[in-house]
Structures are given as structure tokens and as C-alpha cells.
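Data block below; observations after.
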Amino acid sequence: MTIHKTVLKLAVLGVCAALPLAQAADIIQVESTGARSQSVLGSTVVPYKEVTLSAQIPGVVKYVAGSVGANLAQGAVVFQVDDSQLRAKRAEVVAQITMAQSGYQNSQSQYYRELTSPRSKDIGAMPGFGLPAMFDRFAVRPFANSFMGNYDSDTIRQADLNNAMAGVSQAQSQVQQAMSQLQAIDASLRDASAYAPFEGIIMEKMVEVGDTVQPGQPLVKFGYVKYKRLQADVPSGLVGNLSKDMLLPARIDGSTNTNVRVAEIYPVADASRHTVTVKFDIPMEITTAPGMYAEIYVPENKNGSQVIVIPKSALLKGSSLPSVLVVKDDNSSELRMIRVGADQNGGSKVAVVSGLKEGERIINDPPAGVSSGWMPEGAKAPEPAKDTPVAESSPKTPVAPAAEASAQPTATAAK
């Protein structure tokens, strides 16, 4: 019996202790203050520079510099594709170049021989001490040139020179063709390895050693993270209030408050979302990592104006979207979603961009789980229960709706 009484007393004490928390809600009036209205925009921490390295040749990956987060210097090899076939083909082309160069040298020698000692005038072309050649040169050829008119030794010499010169040009073209093939293979060999364009870290690795890749396939994302930025999609109606080098307040990862500088405003807007991409520089002393979430407070207008503010405690707890309970004229409440802005008054209040007007009444500090129609204790005179005497401190006269809110603390204190 004693145990049951003890449990009952503890239960009563628990209800009594919880009762003041349930009755802590009160009705307040929406106010405005002279400040610049701001919108809260979500953004993401991004590296100062970021590139995606892709495969340039087909093959099997035989080397990757490290795992995600590996720090590499400028010019370091990030990954490498097997280039054994390319090196074998290069050796073949080098042999072709050697043969082409030999042919080119031979062609040049034949040309210089024809230029200095024409075959058409070689006295030793026929056998026998040169006597038949001398007879041909001094008797037969002059007779043919004078009387027959169908033999011209100079024309024959020029034809021989042109033939030798053509051989030189063909040999030179073969050398150049082989050299071009060698340059193409060397370029492919360079493409087999990807080099870090700047100092940075591996942000994402999409390949492992042994994977077969094709040209154009993304393999590694590489970023320069010594300096970092915030990237946000700003509505086109707000981007006009921003200018380069402008400082704006921001909150990174929900805990770090700082100021960021407008670094870059894209000149075009997204046609589907009607937003403009804007990048903001983060101070170097702020510790962040790419991919973190951040909030940026963008001004609604360039000039200061009256801003609606409410206590943060007036926002409904557990709601996915910012919402409050608005008290209507008939002394009942309705749930209304609002759009909040930047924090005000040291973080105890928040600006309301839309959804409320100055002078409206809302319920402050409502308990979790309430919805439309809920009203705090003391907001209106409760009806006495049956067979239960009315407390002396209860009001005996009806209270006007406007006076109920002002009389609430007294009624609560009386209870």
C-alpha cells in the first residue's frame, strides 16, 4: 500500500512539474524593426579550382597515385594506363624513320652526282677505253642534232636532274611521314599518364588498378583546396542586390559564423530554375571541407526597410517547414507556414520574409505536436468542470478577447 502511494505521489509531482511547461505558451504580437531584410540561401563548400581527369587512350589502369584525400604536387602523376602496345609501335616507327633517312641520303647523293657528272655525258658509259663514247659524242650526236633534229643532250640532262630531284623529295616526304607517326605515338604515350595541373588533393576516385578504361571516361576528380569557396544558386530577383567584393554574413555547417566575399557572379541565369550561380570566397582561417552545407544571408533590397521579426521560440517544434500558430479574431488559432530570413537581436529573434504582417497575434513557445485550433492555458476563461467548485482566483466576468492575452500571466500565476 505504501509503494502504491509513493508511486502515485511521484506521478502527481511529475504532472505538476510538467504543467508549467505546458502553460508557458503565451500570445504575442508581431513586431517590425528597422533593418535590412535578408533571405537565407543554402550553399555548398567547393574547392577554389576543380578538374576532372579522364582517360585519353584505351587500356588497363596500372597505377593510381593514392586514395581520396591524397595530396599531390603540381606535375605529379595521378594515374597511368598501360602503354606497352604504344611503346612497341614506337620502336617500329623509329626503325621506319631510320630507313627513310637512309633513303633520303641516297637520293641526295644521286642528285649531286647527276648535277656534277651527268650520265648523259659520261664518256665511260660504253666499254672500251672510251673510244666509242668519244666517237658518239663528236660524230654521231652532232650529226643527229644537225640533220635529224630528234636528239638534244641538254634536254636529256635536265630530265635526269628532275628525276634525281623527285627521288630526293619522295625520300624527304617518307622521313616526314615517319616523324609525324612518331610524334603521334609520343602524344599518346603522354596521354597514357595524367599529371596534376596544380597542387591539390584527390577528391573522388572512380577507378582502381586493373580496370579497363575507354577514351573520355572520367577517372579522378582533382581539386585545389588551399582556398575554398561557397557556391549558391541565387534567385534572379535577388542577384541584382549583389556586387563583386561585397561582404555577406554566412553560417557554415550550422555552427561557424563568418563573412564571405562575393568572388564571381555568373553572367547568365539557369533557364529552368531562374537562378544565377554565385561564388563566395571563404576566409582562410575558417576550417571547412568540400561538400559542407552553409547558409548565406542575401539582402532582399539594397536600402534598409522595416522587417517583420518574431522570437525563434514561436516557431513550431518538429515541423519540417517554418510555421507558427496565428491567433484569429474569433480567439482560435490556425497553422501558417512562413519564410524566415536572417537572425536578429543576437540570434534570439528571426526575420520573417513572408507569411506574417505587423500587428498579427501569434502563440509564442507552443509545445511540440500541436496544430491548428490549439490555444494556451489562460488565453480564454476555461469552463468549470461538473461537480467541481470554481477556484476563487478564476475570473467571474467574461474577458474580452483583446484582454485575454494581457491577463494571461495573472491567470497562469494564479493557477
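Count along the sequence shown from 1, add 221, and you get the number used in our numbering. Where is the CB? At the ideal position from N, CA and C, for every residue including glycine.
Selected residue, minimal CA-CA separation from residue i, among the options
i, options, result
"Q452", "G594, I503, M427", "I503"
"T496", "S390, Q527, G461, V483", "G461"
"P279", "N585, Y325, D432, Q329", "D432"
"P339", "T376, K310, S305", "T376"
"V489", "I473, P456, M505, I517", "P456"
"S493", "V481, D454, R482", "D454"
"S401", "P597, I517, V315", "V315"
"I390", "S328, A408, Y445", "Residue 390 is actually Ser in this sequence, not Ile. The option with the nearest alpha carbon to S390 is S328."
"V519", "R311, Q259, E313", "Q259"
"I517", "S264, A408, R378", "S264"
"I559", "D551, S544, S305, D550", "S544"
"K270", "M505, K449, D550", "K449"
"P268", "T508, P588, D550", "T508"
"I248", "S305, P587, S593", "P587"
Distance between residue j and residue i (C-alpha atoms, nearest Å)
i, j, result
"L542", "A515", "18 Å"
"K283", "I318", "30 Å"
"P241", "A510", "Note that P241 has pLDDT 40, beneath the 50 cutoff, so the model's placement of it is unreliable and no number is given."
"A387", "L403", "24 Å"
"M467", "A484", "8 Å"
"I406", "S275", "19 Å"
"Q393", "Y333", "15 Å"
"T337", "Q326", "17 Å"
"V499", "E521", "16 Å"
"E429", "V285", "7 Å"
"A563", "S553", "29 Å"
"K533", "A415", "52 Å"
"I422", "L459", "34 Å"
"K447", "Q435", "32 Å"
"E425", "T479", "28 Å"
"A246", "S569", "16 Å"
"E555", "T254", "25 Å"
"F501", "Q398", "52 Å"
"Q244", "W595", "With a pLDDT of only 45 at Q244, under the threshold of 50, the placement of this residue in the model should not be trusted; the figure read from the coordinates follows. About 12 Å."
"V281", "A471", "46 Å"
"V298", "R482", "34 Å"
"Q277", "Q331", "45 Å"
"L537", "G590", "8 Å"
"Y445", "I473", "19 Å"
"Q438", "R311", "25 Å"
"A417", "S593", "59 Å"
"M505", "T477", "13 Å"
"S305", "K465", "51 Å"
"D491", "V272", "22 Å"
"L293", "R308", "27 Å"
"K549", "V561", "21 Å"
"A408", "D303", "14 Å"
"E313", "V289", "39 Å"
"A535", "D551", "20 Å"
Host alpha helix (DSSP H) of residue i (start-end)
i, result
"T265", "Note, T265: premise wrong, no alpha helix (DSSP H); beta strand (DSSP E) at 259-275."
"V315", "305-337"
Cβ pair residue i, residue j closer than 8 Å
i, j, result
"M427", "L440", "yes"
"E335", "A385", "yes"
"I531", "V251", "yes"
"A413", "Q322", "no"
"V266", "G475", "no"
"G576", "R557", "yes"
"E581", "V528", "no"
"Q295", "F419", "yes"
"Q565", "V571", "yes"
"P597", "I584", "yes"
"I486", "L463", "yes"
"Q395", "G324", "yes"
Beta strand (DSSP E) segment containing residue i, residue limits
i, result
"A515", "514-520"
"Y284", "280-285"
"D586", "Where D586 is concerned, there is no enclosing beta strand (DSSP E), given that its DSSP letter is neither H nor E."
"T498", "496-502"
"D247", "247-250"
"Q301", "298-302"
Residue ranges of each beta strand (DSSP E) run of no fewer than 3 residues wholly in the stretch 412-477, ordered along the chain?
You should have 414-416, 421-426, 439-456, 468-473.
Residue ranges of each beta strand (DSSP E) within the stretch 548-572, 3 or longer
The qualifying runs are 554-558, 560-565.
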